[in-house]
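Below is one structure, written out as structure tokens, with a few remarks after it.
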Amino acid sequence: MSTLSTSLPGGTWTLGDLTVTRFGYGAMQLAGPGVMGPPADRDGALAVLREVIDLGITHIDTAAAYGPRVTNQLIHEALRPYPESLHIVTKVGAIRDEHGGWPPARQPEDLRRAVHENLETLGLEVLDLVNLRLGNAQGPQPGSLAEPFETLVELQQQGLIRHLGVSNATAEQVAQARAIAPIVCVQNMYNLAYRQDDELIDELAEEGIAYVPFFPLGGFSPLQSSALSAVAARLDATPMSVALAWLLQRSPNILLIPGTSSVAHLRENVAGAGLSLSDEELAELDKIGH
1 MSTLSTSLPG
11 GTWTLGDLTV
21 TRFGYGAMQL
31 AGPGVMGPPA
41 DRDGALAVLR
51 EVIDLGITHI
61 DTAAAYGPRV
71 TNQLIHEALR
81 PYPESLHIVT
91 KVGAIRDEHG
101 GWPPARQPED
111 LRRAVHENLE
121 TLGLEVLDLV
131 NLRLGNAQGP
141 QPGSLAEPFE
151 TLVELQQQGL
161 IRHLGVSNAT
171 AEQVAQARAI
181 APIVCVQNMY
191 NLAYRQDDEL
201 IDELAEEGIA
211 YVPFFPLGGF
221 SPLQSSALSA
231 VAARLDATPM
241 SVALAWLLQR
251 SPNILLIPGT
261 SSVAHLRENV
271 AGAGLSLSDE
281 ELAELDKIGH
């Protein structure tokens with residue numbers, strides 16, 4: 001492990017045989033408005049990605065659907081040849097339509113096409129980790145994941161994917177995936193206010209499986225956000241910093257992938273996640289989700 005990576009908040013975690021910083025980076029916001037088209041400031045987007053590496057972050061989350069293809073192309077342009085320590089995580093199972101929607105695309109041919117598209121746009125021969133996105137824009141939906149997940153297992157056996165995960169999944173789907181093949185992470189919506197996966201996070205921690213929350217500040221009511229703001233004001237910190245620090249302290253298997261299109265904001269996020277919350281502050285924040 002490099003000294004840079006362990007100096008980031010939360011230290012590191014192992015995804016299968018890949019060591020990543022628990023503080024990672026989500027590239028979604030580098031695309032244009034509504035995650036469609038190119039960024040207004042292309043040089044700025046490339047600068048953010050280079051700063052990610054300079055800070056010692058070794059976990060970048062992306063998808064061919066972002067843009068579509070835009071964030072992958074930016075990562076390719078900014079960072080190739082990739083540092084050996086960097087691990088790029090992508091997801092398949094949804095595409096973009098011309099209205100900016102995210103229709104599911106989980107037929108075997110959709111998934112094969114998406115994996116090859118990720119390989120091509122990122123300029124890689126093998127993808128470190130591919131998450132199967134389930135459900136829809138409203139959240140996880142019940143149902144079998146056997147056919148799409150088995151398709152990804154076939155691609156893994158062909159040597160195109162190292163590790164597998166699931167995203168936007170129910171606890172039952174996580175269990176079903178694990179019965180088919182090993183997974184190294186689950187990527188679901190979770191934050192201080194949205195705590196549906198508390199039990200799942202603890203189960204995964206016992207099994208050594210990472211949990212990667214998206215929307216770390218999503219879904220707050222005014223009452224909940226005022227409680228968060230009160231704690232943040234007392235600590236002279238931003239609500240986002242407190243929310244990220246709480247996630248890192250919530251469980252050792254939680255990995256963060258906050259996104260931003262600003263170098264200054266990226267540095268703020270890293271510094272903020274290093275905030276140490278006392279037992280009293282944690283107890284006060286815990287009330288938000290209950």
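Heads up: the sequence shown at position 253 corresponds to 253 in full-length UniProt numbering, and the numbers run straight through without jumps.
All C-beta atoms, glycine included, are put in the ideal place defined by N, C-alpha and C.
Here the structure is a predicted model, which means the values were calculated and not measured.
Where Q141 is concerned, there is no enclosing alpha helix (DSSP H), because DSSP gives it neither an H nor an E.
Listed in chain order, the non-local C-beta contacts of E51 below 7 Å within the same chain comprise V263, L266, local neighbours out to five positions each way being set aside.
Looking at the backbone, the Cα of V242 and that of M36 are separated by about 30 Å.
Taking 8 Å as the cut-off, the beta carbon of H76 is found no closer than this to the beta carbon of H59. For S167, the enclosing beta strand (DSSP E) has its first and last residue at 161 to 167. When only Cα atoms are considered, A64 and G159 end up about 19 Å apart. S7 counts as exposed, since fewer than 16 other beta carbons sit within 10 angstroms of its beta carbon. Check the Cα spacing between A181 and each of D202, I201, F149: the tightest is with F149.
The alpha-carbon of T151 is positioned some 6 Å away from that of P108. Beta-bridge pairing by DSSP links M36 to G67. From the listed residues I254, E280, I288, E281, the smallest Cα separation to G24 is found for I254. Sorting R112, E120, P81, L217 by C-alpha distance to the C-alpha of V70 places E120 at the top. DSSP places T58 outside both helix and strand once states are collapsed to three, so it counts as coil. Per DSSP, reduced to three states, the secondary structure at N188 is strand.
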